[in-house]
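*Asks:*
Residue numbers (my numbering), protein chains in the order written: chain A, 62 to 278; chain B, 62 to 278.
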């Protein structure tokens, strides 16, 4: 059973989706520990409610990002974590953490990367006038939202959408994608080939499509 | 009935999709003229077969891009064209043409813009490791593939995809999207609000999604 460490700074709804999927046995993984840099983060109480170790690692006590990440690596190892999942963790990751878990750190982002990396991805999509957006689970590398893409899901952008309504529509897909991506990693089905990912044993339906709503109305 | 002028340099499969949609009466428009800068382009013979004026406008005879576009505008006006559709037209458009048909020039591009503008969009998507890509019909402005987006459709990227197989999957959606976008323009339903487009009377289903195939297998 693959052991996951989840890093979260905020409310942790993706964390909850992962906790639920593990609890229901729908993915071959278990959450070994949840860590946050924010005291009182909802993510920590979600972990406690699920009976999972909830660790606060406040950054104020560390002289540098490297020192902070070294402590993080130490904690992750103590909990025998195989795979690290970022779920709204609002800190940059240093090479200290990256090299300790090379190709074993996942992140989720509310856009079809490489479109709209960085902050305010949903706002960026609306500003660009996109009619389709979505979310991406990717392997973390040294860049910002640049690592190999494991799974993406697309959703329509509707005329009346605000940042809130579009973000909520995307979030529903995030909660599907993140557990699924973890499951694929746990099954050893994710092969990284340069910037492209190949999923062993995948049997996708090439005929499925999603269009902006005006196409069919 | 809206009158369309189509500019094409190559084989013109999108041209054919538009000719067919007009011939079947499935969109409230008719093709008034097809113009190409390439002698012997398949697009011209497609037009002839459909009984539509097919005009060759070779650029060699014009001293400048502006002079070429001025002649193009003159021809489009002579054929009482309301809407210009670029369908694989491999020349840059100058402000001469843009200003004569402001917000009345459409283009189709094989990506979910603003991702992968310019040449080799399908190759770019594969290189980026995207698991979802698609196509975009947009209003042409002074930039390269930057104008307001009217319609987008998403397709999955599959593990074994080459540039050819992915381009073919996207092309199927292009042939759906382009006639539909023209129909929306002809119905006066496309409202441009800054960079965003709003479609009057749109009733999209916000629950429809498309995921990379690994999500459901």
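Cβ coordinates follow ideal geometry from the N, Cα and C atoms, glycine included. Note that this is a predicted model, so its numbers are computed, not measured.
#1: Looking only at its own chain, which residues have a Cβ that is under 7 Å from the Cβ of residue 88 of chain A, when we skip the five neighbours before and after it?
#2: Just to confirm, is the Cβ distance from residue 164 of chain B to residue 253 of chain B under 8 Å?
#3: Candidates B:139, B:197, B:74 and B:170: which alpha carbon is nearest residue 64 of chain B's?
#4: Secondary structure at residue 170 of chain B, three-state DSSP: helix, strand or coil?
#5: Looking at residue 211 of chain A: is its Cβ nearer than 8 Å to the Cβ of residue 258 of chain A?
#6: Name, please, each residue of chain D whose Cβ falls closer than 7 Å to the Cβ of residue 256 of chain A.
#7: Residues of chain B with a CB under 7 Å from the CB of residue 10 of chain A: which are they?
#8: Can you tell me which of the three DSSP states residue 226 of chain B falls into?
#9: How would you label residue 141 of chain B, buried or exposed, when you count the other beta carbons within 10 angstroms and need 16 or more for buried?
#10: Could you name the residues of the same chain whose beta carbon sits closer than 6 Å to that of residue 145 of chain B, not counting the 5 residues immediately before and after it, in chain order?
#11: When you compare only the Cα positions, how much space is there between residue 202 of chain B and residue 124 of chain B?
#12: At least one CB of chain B closer than 8 Å to the CB of residue 81 of chain A: is that the case?
#13: Which of the three DSSP states, helix, strand or coil, is assigned to residue 94 of chain B?
#14: How long is the line joining the alpha carbons of residue 278 of chain B and residue 263 of chain A, rounded to whole angstroms?
#15: Residues in the same chain with beta-carbon distance under 7 Å from residue 105 of chain A, minus the five sequence neighbours each way, listed in chain order, please.
#16: What did DSSP end up calling residue 246 of chain B once you bin it into helix, strand or coil?
#17: Does the CB of residue 167 of chain B have a neighbour CB from chain A at under 8 Å?
#18: Tell me the start and end of each unbroken beta strand (DSSP E) in the segment 80-150 of chain A that is at least 3 residues and wholly inside, in chain order.
#19: Could you list the residues in the segment 145-165 of chain A with a C-beta less than 8 Å from some C-beta on chain B, going in chain order?
#20: Can you tell which of B:172, B:84 and B:205 has the C-alpha that lies nearest to the C-alpha of residue 182 of chain B?
#21: Under 6 Å Cβ to Cβ from residue 235 of chain B, same chain only, skipping five residues before and after it: list those, please.
#22: Give, in chain order, every residue of the segment 202-232 of chain A whose Cβ lies closer than 7 Å to some Cβ of chain B.
#23: In the structure shown, what three-state DSSP assignment does residue 65 of chain B receive?
#24: If you draw a straight line from the alpha carbon of residue 107 of chain B to that of residue 68 of chain B, how long is it in whole angstroms?
#25: What are the boundary residues of the alpha helix (DSSP H) that includes residue 160 of chain A?
#26: I want to verify the contact list: residues of chain A whose CB lies under 9 Å from the CB of residue 183 of chain B, in sequence order.
#27: Do you know how far the Cα of residue 127 of chain B is from the Cα of residue 204 of chain A?
#28: Mind listing the chain B neighbours of residue 105 of chain A? Cutoff is C-beta to C-beta under 7 Å, in chain order.
#29: Check whether the Cβ of residue 98 of chain B sits closer than 7 Å to any heavy atom of the ligand GDP, and report yes or no.
#30: Name the DSSP beta bridge partners of residue 257 of chain A, please?
#31: Would you say residue 175 of chain B lies against chain A (beta-carbon separation less than 8 Å)?
#32: Run through chain A and tell me which residues come within less than 8 Å of residue 113 of chain B, C-beta to C-beta.
#33: My output table needs one value for residue 187 of chain A: the three-state DSSP class, helix, strand or coil.
#34: One question on the structure: do residue 148 of chain B and residue 111 of chain B come within less than 8 Å of each other, judged by their Cβ atoms?
*Replies:* Reading from the atomic positions:
#1: Residue 88 of chain A sits at position 27 when you count from the first residue of the first chain. 82, 240, 243, 244 and 247.
#2: Taking the second chain and counting its residues from 1, the one referred to as residue 164 of chain B is at position 103. Taking the second chain and counting its residues from 1, the one referred to as residue 253 of chain B is at position 192. Cβ distance < 8 Å, so residue 164 of chain B and residue 253 of chain B count as in contact.
#3: For the purposes of this step, residue 64 of chain B is identified with residue 3 of the second chain, where counting begins at 1. When only C-alpha atoms are compared, the closest one is B:139.
#4: On the second chain, position 109 is the one that residue 170 of chain B refers to. In the structure shown, residue 170 of chain B sits in a strand (DSSP, three-state: E or B).
#5: Taking the first chain and counting its residues from 1, one reaches residue 211 of chain A at position 150. Taking the first chain and counting its residues from 1, one reaches residue 258 of chain A at position 197. Going by C-beta atoms, residue 211 of chain A is nearer than 8 Å to residue 258 of chain A.
#6: As a matter of chain content, chain D is missing from the structure shown, whose protein chains are A and B.
#7: Nothing about residue 10 of chain A can be reported from this structure: the residues present for chain A run from 62 to 278 only.
#8: Counting from 1 along the second chain, the entry for residue 226 of chain B is found at position 165. The answer is helix: DSSP assigns residue 226 of chain B an H, G or I state.
#9: Reading the second chain from its first residue, position 80 is the one you call residue 141 of chain B. Result: exposed.
#10: Residue 145 of chain B sits at position 84 when you count from the first residue of the second chain. The residues are 66, 162 and 166.
#11: Here residue 202 of chain B refers to the residue found at position 141 when the second chain is read from its first residue. Here residue 124 of chain B refers to the residue found at position 63 when the second chain is read from its first residue. About 24 Å.
#12: As a first step, residue 81 of chain A is located in the first chain; it is residue number 20 there, counting from the start. Not one chain B Cβ lies under 8 Å of residue 81 of chain A.
#13: On the second chain, position 33 is the one that residue 94 of chain B refers to. Strand, per DSSP.
#14: The residue you call residue 278 of chain B lines up with position 217 of the second chain. The residue you call residue 263 of chain A lines up with position 202 of the first chain. Confidence at residue 278 of chain B is low in this model, with a pLDDT of 43, below 50, so its placement is unreliable and the value that follows should be read with caution. When rounded, the distance between both Cα atoms is 7 Å.
#15: Here residue 105 of chain A refers to the residue found at position 44 of the first chain. Excluding residues within five positions, the ones whose Cβ falls inside 7 Å are 95, 97, 115 and 117.
#16: Numbered from its first residue, the second chain carries residue 246 of chain B at position 185. Helix at residue 246 of chain B.
#17: For this step, residue 167 of chain B is matched to residue 106 along the second chain. Output row for residue 167 of chain B: interface = no.
#18: 90-97, 115-117 and 144-147
#19: none
#20: Here the question's residue 182 of chain B lines up with position 121 in the second chain. It is B:172 whose Cα lies nearest to the Cα of residue 182 of chain B.
#21: Position 174 of the second chain holds residue 235 of chain B. Within the same chain, residue 235 of chain B has close Cβ partners 75, 169 and 196.
#22: 209, 210, 212, 213, 214, 215, 216, 217, 219, 220 and 230
#23: Within the second chain, numbered from 1, the residue matching residue 65 of chain B stands at position 4. In this structure, residue 65 of chain B counts as strand in the three-state DSSP scheme.
#24: On the second chain, residue 107 of chain B is found 46 positions in, with the first residue counted as 1. On the second chain, residue 68 of chain B is found 7 positions in, with the first residue counted as 1. Near 13 Å, if we compare the C-alpha coordinates of residue 68 of chain B and residue 107 of chain B.
#25: The residue labelled residue 160 of chain A in the question sits at position 99 within the first chain. Segment 156-161, the alpha helix (DSSP H) holding residue 160 of chain A.
#26: As a working note, residue 183 of chain B is residue 122 in the second chain. The contacting residues do not exist; residue 183 of chain B stays about 14 Å from chain A at best.
#27: What you label residue 204 of chain A is simply residue 143 of the first chain in a count that begins at 1. What you label residue 127 of chain B is simply residue 66 of the second chain in a count that begins at 1. Cα-Cα distance, rounded: 43 Å.
#28: Sequence index remark: in the first chain, residue 105 of chain A carries index 44 (1-based). Here the premise fails: no neighbours, minimum Cβ distance about 29 Å.
#29: As for the ligand GDP, it is missing from this structure, which has no ligand bound.
#30: For the purposes of this step, residue 257 of chain A is identified with residue 196 of the first chain, where counting begins at 1. BP columns for residue 257 of chain A point to A:254.
#31: Translated into the one-based positions of the second chain, residue 175 of chain B becomes position 114. So yes, residue 175 of chain B belongs to the interface.
#32: In the second chain, residue 113 of chain B corresponds to position 52, counting from 1. By Cβ distance, chain A contributes nothing, its closest Cβ being about 25 Å from residue 113 of chain B, past 8 Å.
#33: Sequence index remark: in the first chain, residue 187 of chain A carries index 126 (1-based). In this structure, residue 187 of chain A counts as helix in the three-state DSSP scheme.
#34: By one-based count along the second chain, residue 148 of chain B stands at place 87. By one-based count along the second chain, residue 111 of chain B stands at place 50. It is not a contact, given that the beta carbons lie outside the stated cut-off.
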